[in-house]
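Residue numbers (my numbering): 468 to 594.
Okay, structure coming up:
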């Protein structure tokens, strides 16, 4: 990966720390056809998940809180994240994906990230 921090001058210290953690994890994590990578992208309001096969560079399945049926879902952001995890698990199971590699993208495994992982496990994915 050619991700460097010197081009990210205008980021806060917190964002630089997250990028460092993301780079450190990406060195070790890679998705294959048998075990694609489950990538989490988190913002202050929404959460997005993709199942990616890195060998061909293709997104197999995705889910997000920005989808219409999840926008109308009542609950806090953690409950929505768990629902997104369950939704991506169902979509991945339809394609025949049972096992994934979890890529938290430098985010701490806490709160919405953990809820999403629990929802994906409840939907039938194994990490």
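Just so you know, even glycine gets a beta-carbon here, dropped at the ideal spot from N, CA and C.
- Look at the segment 527-559 and you find these whole runs of alpha helix (DSSP H), each 4 residues long or longer: 535-538.
- For residue 517, the uninterrupted beta strand (DSSP E) run begins and ends at 514-520, by DSSP.
- Under the three-state reduction of DSSP, residue 525 is assigned to strand.
- Straight-line spacing of the CA atoms in residue 525 and residue 577 works out to 28 Å.
- Taken through DSSP and simplified to helix, strand or coil, residue 510 comes out as coil.
- For residue 585, the uninterrupted alpha helix (DSSP H) run begins and ends at 579-589, by DSSP.
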